[in-house]
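Residue numbers (our numbering), protein chains in the order written: chain P, 1 to 68; chain V, 1 to 682. So the structure is just underneath, and the comments pick up after that.
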Amino acid sequence: MHQNGKYALRRFFSGVRDTANLMIGIPSYEAYRRHMAERHPDVPPMSETEFFRNRMAARYGAGGARCC
Amino acid sequence: MQILSKIGWALVALLAAAALGVIALERGEPINALWIVIAAVSLYLIGYRFYALYIARSVMRLDPDRPTPAVRRQDGLDYVPTNRYVLFGHHFAAIAGAGPLVGPVLAAQMGYLPGTLWILFGVILAGAVQDFMVLFISMRRDGKSLGEMVRMEMGPVAGTIALFGAFMIMVIILAVLALIVVRALADSPWGLFTVAATIPIAIFMGLYLRFIRPGRVAEISIIGFVLLILAIVYGRDVAASPVLGPLFTLTPVQLCWLLIGYGGIAAILPVWLLLAPRDYLSTFLKIGAIVALAIGIVVMAPPLQMPALTKFAAGGGPVWSGNLFPFLFITIACGAVSGFHALIASGTTPKLISSERDAPFIGYAGMLMESFVAIMALVGASILDPGLYFSMNSPAALIGTTPESAAAAVTAMGFPISPEMLMQTARDVGESTIISRTGGAPTLAVAMAEIFSHVVGGQTMKAFWYHFAILFEALFILTAVDAGTRAGRFMLQDLIGLVAPRFREVSSLVPGFIATALCVGAWGYFLYQGVTDPLGGVNTLWPLFGIANQMLAAVALTLATVVLFRMKQHRFAWVTILPATWLVVCTVTAGLQKVLSSDPTVSFVAHARKFSDALAQGQVLAPAKSLEQMQRVIMNDWIDATLCVIFLFVVISTVVFGIRTAIAALRIDRPTATEISGVPAE
């Protein structure tokens, strides 16, 4: 029971963190690593810093739009 | 269980009806703001549970088993299957901006009732439907953008017209947003200092994120937030300082040039230095302030001071001119229906949806949430004393600039207020004057200060909360100006690229600089025009913005209608035809009145004629002060009128293309929509 509560709390906070990050255009790095490991094990993945810079550049590149 | 659920929904419906009844049947007694909140929430629940799910099941026939772009093209970067709640946050943060905060404040001049009804019914039948439909269409086409989809479904000419329309609306949005910042910060050293302080704070955050601890957004955002609060706290001393105070006390024209220069420089700086960190700060601040406002309204439960209907519901109001139809439906765009959302619902969101089952929650409910922001803004404007509201929102040309002249003029309008009260309110919020602070943002800031200080800090904190609210609005408006200039630059490069393909190269410097300069020049022109307009500019530019925004919504809903015809789902097409027709009627009527009406307060052309006639006789008409100013007024009028004609052309030609494509689809006995199928690409 105690263990369960702890797990739920951790999930809640990671959800909040993911939401805040995606609000500013940064998807989950863990999901990216998982994807690379599953689908492209032969390609070296970007480091967390590279990933952050890549996503930042993408957010403000061509085709980006935000509302009034 | 089923019976229980039926009883539950019947109760929600009863609650909605009761709350609407209280709101509409107000008889002189001020009603409580909570009735509006209750009416809104229960109507949203009903709209989502019944209409959105009806659209999902019968009209779109969403298929939870069909792989979404995020699943099929998963790359961990742009295409990522995302938890629905996380994605909801992303989508909401992208659609919510200054629009839903400003429009409802301006609309309050007619009383709270017309605006409330339009926001509530507009969102359920038009705005949320549009966002949801565009999201659906893009989700079935690999997350393609609105322009590309119009091209795919309606042909290249219609696609180019839509792209051009999107660029024009961007220009007008940027101009009107910048104008709101100018109006809020002119002659306000405290406000200007705190907003200016965000630039070094953001640059510090940018350097930290780049070189010291890359990617640690949470910790640096907290540091940035603390610095912001310090800037607000010490802003009071800066404003009071005999040396620094005058340095931050600028006229509207000075601010206008500063903003134009800032827009040009900010848009060519590397994004990590200024734009991105400030965007982070403003996004979190925006979400935080919206949540705090919702809590504040519920805790305070303020009574509405504004009557349900003012005499200006029949037209002739000082805040903006024109009658309830069509101009109310133009003034409140975001919050009821916003064409701009079509660009976002066909942007990053469709690439992140993990299952088609999530689409109603993201597309439809996301817009309901923005509508709630608009409702809160309307409540904010309506809890203020109407005399104060009209003193803040009427142009100086009508009410003068002294407390005595403003109080006399507004009292004569039928909303009694004393000069002392105007001075006291200005003192409470730490400003030298609040008279004719048009543009909506300062009015909302006074209301937010009222609500927040009721919950935290009391009277002594009012000035802090006022400047907090101004900062919150200015921060994300400046971010929008910066990001919008960049987006506008790419759109322009795309458009010019149709003629000169070399212009499309996003990486080469010269086209980028030219397109940026053209984009800043375009919104800068309208900003300057608005700032120097003696009637305040808001009443010229806001209707243009509204027409442009609703025009884009009409284009998006026309696309949605065409797609339904091509899917052979045309018997359900009334779902999009109904709001599309309403928007076409509103934008065309408003556009025509802006050009053809004989009333110079409504029509640009009539206004230009009036001034031209006077000029021919060598007369100078107020508010112009010289013959040279007369000429400028006339030229601005003709440019604004031309813009209206362009908007009319965009709407009407899109509708014609839409009808032609729909009829063609009707004649073919199989679906012709160009969906990208669920088969993996490899």
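Virtual Cβ for every residue (Gly too), placed ideally from N, Cα, C.
Legend entry - Residues of its chain near V/Y280, where Cβ-Cβ distance is below 7 Å and the 5 sequence neighbours each way are ignored: Excluding positions up to five away in sequence, the list reads V217 and S221.
Inset, instruction - Return the chain-ordered list of same chain residues with a C-beta closer than 7 Å to the C-beta of V/M551, the five sequence neighbours on each side being excluded. - result: G165, G339, T587, F647, V650 and V651
Inset, instruction - Let me know the secondary structure DSSP gives V/T283 once reduced to three states. - result: DSSP places V/T283 in helix when its eight states are reduced to three.
Legend entry - Proximity test, Cβ basis, 8 Å: P/Y60 and chain V: yes
Inset, instruction - Note down, in chain order, each residue of its chain lying with its Cβ closer than 6 Å to the Cβ of V/E683, except the 5 sequence neighbours on either side. - result: Nothing about residue 683 of chain V can be reported from this structure: the residues present for chain V run from 1 to 682 only.
Legend entry - Range of the contiguous alpha helix (DSSP H) that encloses P/Y29: Y29 to R39
Inset, instruction - Could you tell me if V/A681 is buried or exposed, where buried requires 16 or more neighbouring beta carbons within 10 angstroms of its beta carbon? - result: Bear in mind that the predicted position of V/A681 carries a pLDDT of just 39, short of 50, making it unreliable; the figure below should be weighed with that in mind. With fewer than 16 Cβ atoms within 10 Å of its Cβ, V/A681 is classed as exposed.
Legend entry - DSSP three-state assignment for V/T82, whether helix, strand or coil: In the structure shown, the three-state DSSP call for V/T82 is strand.
Legend entry - Host alpha helix (DSSP H) of V/H570 (start-end): Taken as a continuous stretch (DSSP letters only), V/H570 belongs to no alpha helix (DSSP H), as it is neither H nor E.
Legend entry - Of the residues V/L324, V/I547, V/L509 and V/L117, the one placed nearest V/Y44, counting alpha carbons only: V/L117
Legend entry - Residue-chain proximity (V/P214, chain P), Cβ-Cβ < 8 Å: For V/P214, the answer is yes, since a Cβ of chain P falls inside 8 Å of its Cβ.
Inset, instruction - Can you grab the Cα-Cα spacing for the pair V/G536 / V/P318, in whole Å? - result: 11 Å
Legend entry - Endpoints, alpha helix (DSSP H) assigned at V/K610: For V/K610, the enclosing alpha helix (DSSP H) has its first and last residue at F604 to A616.
Legend entry - Beta carbon proximity, P/N4 to chain V, threshold 8 Å: No, P/N4 does not count as interfacial toward chain V.
Legend entry - As assigned by DSSP and simplified to three states, the class of V/N323: coil
Legend entry - Contacts that P/P27 makes with chain V (C-beta to C-beta distance below 8 Å): Correct list: G76, L77, V80, T82 and L352.
Inset, instruction - Could you work out which residue in V/A487, V/P386, V/S653 and V/F327 is closest to V/S418 when comparing CA atoms only? - result: Ranked by how close their Cα comes to the Cα of V/S418, the residues V/A487, V/P386, V/S653 and V/F327 have V/P386 in first place.
Inset, instruction - Return the chain-ordered list of same chain residues with a C-beta closer than 6 Å to the C-beta of V/A445, the five sequence neighbours on each side being excluded. - result: Cβ neighbours of V/A445 beyond the five flanking positions: Y466, A469 and I470.
Inset, instruction - With distances taken Cα to Cα, identify the nearest neighbour of V/S5 among V/I46, V/L20 and V/T348. - result: V/I46
Inset, instruction - Determine the extent of the alpha helix (DSSP H) in which V/P252 is found, giving its start and end residues. - result: P252 to I268
Legend entry - Selection from V/P189, V/I287, V/P200 and V/A266 that minimises the alpha carbon distance to V/A240: Minimum Cα-Cα distance from V/A240 among the listed residues V/P189, V/I287, V/P200 and V/A266 corresponds to V/P189.
Inset, instruction - Below 7 Å CB to CB, which residues in the same chain sit around V/R210 once its five sequence neighbours on both sides are set aside? - result: W272
Legend entry - Three or more C-beta pairs below 8 Å linking the stretch 379-399 of chain V and the stretch 342-360 of chain V: no
Inset, instruction - Quick one: using the 10 Å Cβ neighbour count with 16 as the cut-off for buried, is V/R278 buried or exposed? - result: buried
Inset, instruction - Could you tell me whether the stretch 45-65 of chain V touches the stretch 10-30 of chain V, using the rule of 3 or more Cβ pairs below 8 Å? - result: yes
Inset, instruction - Tell me whether V/P360 sits in a helix, a strand or coil according to DSSP, three-state version. - result: In the three-state reduction of the DSSP assignment, V/P360 falls in the helix class, which pools H, G and I.
Inset, instruction - Can you tell me which of V/P579, V/G263, V/S321 and V/G400 puts its alpha carbon nearest to the alpha carbon of V/P623? - result: The shortest CA-to-CA distance from V/P623 to any of V/P579, V/G263, V/S321 and V/G400 is the one to V/G400.
Inset, instruction - Note down the Cα distance separating V/A345 from V/H91, rounded to an integer number of angstroms. - result: Straight across, the Cα-Cα distance linking V/A345 with V/H91 is about 8 Å.
Inset, instruction - Please confirm if V/L275 has its CB atom under 8 Å from at least one CB of chain P. - result: Yes, because at least one Cβ of chain P sits closer than 8 Å to the Cβ of V/L275.
Inset, instruction - Can you tell me which of the three DSSP states V/I353 falls into? - result: Strand at V/I353.
Legend entry - Proximal chain V residues relative to P/Y32, where beta-carbon distance stays under 9 Å: D75, G76, L77 and V80
Legend entry - Through-space distance from V/A480 to V/E370, alpha-carbon basis: 17 Å
Legend entry - Closer than 9 Å at the beta carbon, the chain P residues around V/D279: I24, G25, R59, Y60 and R66
Legend entry - Length of the line joining the Cα atoms of V/T349 and P/R53: Cα to Cα, V/T349 sits roughly 20 Å from P/R53.
Inset, instruction - Check whether the Cβ of V/V86 lies closer than 8 Å to any Cβ atom in chain P. - result: yes
Inset, instruction - Determine contact between the stretch 284-300 of chain V and the stretch 495-504 of chain V, defined as no fewer than three beta-carbon pairs at a distance below 8 Å. - result: no
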